[in-house]
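Undergrad:
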Ligand SMILES: [Cu+2]
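Below, the structure written as structure tokens:
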């Protein structure tokens, strides 16, 4: 892809010039709203056909499109080892000490008092510093200027445990985020104003990373994560509903209008939770492969893999971002845990892999490609980090932006063989996948897995020995039979060249009317998600609570459809799809967003802001 033939050279030069001109505007921190005002975007959201900003300024429909077909420099795949994500150590104390009321005098950016501090006082403290750094993504590219938590991307993994059943207070932690990003000189893109979201957390909402709670350079923000099961203050007082347990989460920047560039620049990290059932030790509980210390290959068989795709400037090799591409950005380089096309060495035994797609815009369908273009099956055990009723044997898992799956892969008896994690989902632009699944060996080989590690004991459960009947091996799914207080409809659609929900763009955080609806705490709601935008697909993400799918296009998932019925926080809203989902909003209050997690669509305004309070409203189409 990166080879340029002679006859294309002039055209490539034009593209490069146009890209450079656009990047000057991006580096200056402009956002969509500014570009519209400046007349660089048309009212339809397209780049104006202005010479020098686009190499082929006018399309058949008369609009300019940014011409940024990815054309990164060549890199040699499968040379460097895949890093195991470092585990963040707690700190003994924070200075200044955390307070329930925002400590603005000492530089805290938070403005809302911690609502659950007295009930669940934090027992362990962590600190993350958001900073600029230079990291290596490939031996063939120069060091890359990134923004990372503690200067790395993905950021350090937070490994925590729920309190034992009946002692929910024992899981409570506090994470202090410090914004030390440079106020100027952003190496090309990124806005040094942040808000950090714990994705999938059942969290008091002042700690959730609301897109309008800005944390500017030089300020800190204390996030209180009680790590309690939903229902702890409502349906299951003092305990919480174990069926709401979560295992695989992540944290990332969520600044309104700038999430795509800030997460693409590196502001994303991982977070996992164990408990007395999903213990992290294969000799106890559900007996899933041991986490160990997360580093030692002889004792750590539970491995988090963060997938993303990126574009690098063809001339300089520097990480590139195009704000003018409002469809969605596809990269031609595939990274796992921060490295382009790395290699993982494993032993001939079972592993738990946690797969996360951080985007910005690509959907994946992951297969395990074996020798001679064979496809190896594996066991999916979770949807978005929530254990399903039992493992389900599959040959692939589809993962849109922000979705997670945990899988068990059995390399027993495979010593000496080589496998690849291969994405076979065809996608040609940021609108979403075509739906075509390519043949074995025809997709993107992302990670090479070589079974050449030493033979080590395997005390993990073999999913093949778990009987299908009775169906529940893990916690089982919560019921969906309580009557909803209200049914609301959210249409995801294209309008004025941008991305709307129910005909509106998200506001600019400067108007109280930006909060469009209110949910009553401790109530059940039924929501209808409709994709009214033709050829586009949208990964729809709800904060604070997860949903269960009642129907897809009018059909209830079959009883065997365990994956479709699994609890989730992202719904893949595919072509012309209508989904009916079931929510319970329990325990905490505050403001939250509902949005598309194709982060380019998100920044181009496909988001609704709402709140949970003790009154609620009756808006059926917020
Ligand atoms: Cu979208």
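Numbering (our numbering), first residue to last: -7 to 614.
All residues carry an ideal CB built from backbone N, CA and C; glycine is no exception.
Just so we're clear, the structure is a prediction, and the values are computed from it rather than from any experiment.
Any idea what DSSP makes of residue 183, helix, strand or coil?
TA: DSSP places residue 183 in the coil class of the three-state scheme, outside both helix and strand.
Undergrad: With distances taken between CB atoms, is the gap from residue 616 to residue 469 smaller than 8 Å?
TA: What the structure shows of the chain is the stretch from -7 to 614, and residue 616 is not part of that stretch, so it cannot be assessed.
Undergrad: Beta carbon of residue 590: closer than 7 Å to some heavy atom of ligand 1?
TA: yes
Undergrad: Pick helix, strand or coil for residue 14, following the three-state DSSP scheme.
TA: helix
Undergrad: Contact defined as beta carbons within less than 8 Å: I believe residue 268 pairs with residue 258. What is the distance between those atoms, to the nearest angstrom?
TA: 35 Å between Cβ atoms; not a contact.
Undergrad: Taking C-beta to C-beta, are residue 164 and residue 219 nearer than 8 Å?
TA: yes
Undergrad: If you measure between the beta carbons of residue 416 and residue 372, is that distance less than 8 Å?
TA: no
Undergrad: Kindly indicate which residue of 198, 465, 207 has the alpha-carbon position closest to the one of residue 175.
TA: 207
Undergrad: Can you tell me which of the three DSSP states residue 455 falls into?
TA: Three-state DSSP puts residue 455 in a helix.
Undergrad: What beta strand (DSSP E) runs, 3 residues minimum, are completely inside the segment 339 to 412?
TA: 342 to 349, 356 to 361, 370 to 375, 378 to 386, 389 to 391, 396 to 402
Undergrad: For residue 246, is the beta carbon positioned less than 7 Å from some heavy atom of ligand 1?
TA: no
Undergrad: Report the rounded CA-to-CA distance for residue 306 versus residue 68, giving the unit in angstroms.
TA: Whole-angstrom Cα-Cα distance: 15 Å.
Undergrad: Does ligand 1 have even one heavy atom less than 7 Å from the beta-carbon of residue 569?
TA: No, Cβ of residue 569 sits at least 7 Å from all heavy atoms of ligand 1.
Undergrad: Rounded to whole angstroms, what is the Cα-Cα separation between residue 374 and residue 13?
TA: 44 Å
Undergrad: May I ask you to verify whether the segment 85 to 103 touches the segment 210 to 218, counting CB pairs closer than 8 Å and requiring at least 3?
TA: yes
Undergrad: In angstroms, rounded to a whole number, what distance separates the CA positions of residue -4 and residue 5?
TA: Legend: pLDDT at residue -4 = 43, less than 50; position of this residue unreliable, value from coordinates given subsequently. Rounded to the nearest angstrom, the two C-alpha atoms are 11 Å apart.
Undergrad: Please classify residue 58: is it buried, with 16 or more other beta-carbons within 10 angstroms of its beta-carbon, or exposed?
TA: Legend: pLDDT at residue 58 = 47, less than 50; position of this residue unreliable, no value from coordinates given.
Undergrad: For residue 301, which residues of its own chain have a beta-carbon under 6 Å away from its beta-carbon, when the five flanking residues on both sides are left out?
TA: 323, 326, 354
Undergrad: For residue 539, which residues of its own chain have a beta-carbon under 8 Å away from its beta-carbon, when the five flanking residues on both sides are left out?
TA: 519, 559, 560, 561, 563, 573, 574, 575
Undergrad: Residues in its own chain within less than 7 Å of residue 109 by CB, not counting five upstream and five downstream?
TA: Same-chain partners within the cutoff: 92, 216.
Undergrad: With residue 484 and residue 399 assumed to form a contact (beta carbons below 8 Å), what rounded beta-carbon distance in angstroms separates them?
TA: Actually they do not touch by this definition, with Cβ atoms about 29 Å apart.
Undergrad: May I ask you to list the residues that DSSP assigns as paired with residue 214?
TA: In the DSSP secondary-structure assignment, residue 214 is bridged to 168.
Undergrad: Does DSSP put residue 30 in a helix, a strand or coil?
TA: Three-state result, residue 30: helix.
Undergrad: Which residues bound the beta strand (DSSP E) around residue 605?
TA: 599 to 605 is the span of the beta strand (DSSP E), which, as asked, contains residue 605.
Undergrad: Indicate whether the contact test is met: 3 or more Cβ pairs, each with one atom in the segment 420 to 427 and one in the segment 459 to 478, closer than 8 Å.
TA: no
Undergrad: Any heavy atom of ligand 1 within a distance shorter than 7 Å of the CB on residue 598?
TA: At least one heavy atom of ligand 1 falls within 7 Å of the beta-carbon of residue 598.
Undergrad: Kindly indicate which three-state DSSP category residue 467 falls into: helix, strand or coil?
TA: Looking at residue 467 - three-state DSSP - the assignment turns out to be coil, as it is neither helix nor strand.
Undergrad: Which residue's Cα is closest to the Cα of residue 579: 266, 571, 536, 546?
TA: 536
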